[in-house]
Amino acid sequence: PIYTKLGELYHLPKVQKFVSEKFGGTKVEVNKPVSEFADIK
Numbered sequence: 002p003i004y005t006k007l008g009e010l011y012h013l014p015k016v017q018k019f020v021s022e023k024f025g026g027t028k029v030e031v032n033k034p035v036s037e038f039a040d041i042k
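Residue numbers for the sequence shown follow this note's numbering, so the first one is 2 and each next one is one higher.
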């Protein structure tokens with residue numbers, strides 16, 4: 002699924018570095034299994 006791929010891409014070191022630099026440490030890391038979001042509509 003597309004969301005799984007997006008999640009994988011988001012966690013790449015290069016992407017994490019960009020996000021950290023771009024948002025200055027204001028983002029909050031959420032580590033939850035995809036299954037928790039499967040029922041959200």
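Glycine residues also receive a C-beta, built at the ideal position from the N, C-alpha and C atoms.
The structure presented is a predicted model; accordingly, all values stated were derived computationally and were not measured.
Residue 41 in three-state terms, based on DSSP: coil
Residue 16 (DSSP reduced to helix, strand or coil): helix
Limits of the alpha helix (DSSP H) - the one that residue 9 falls within: 3-11
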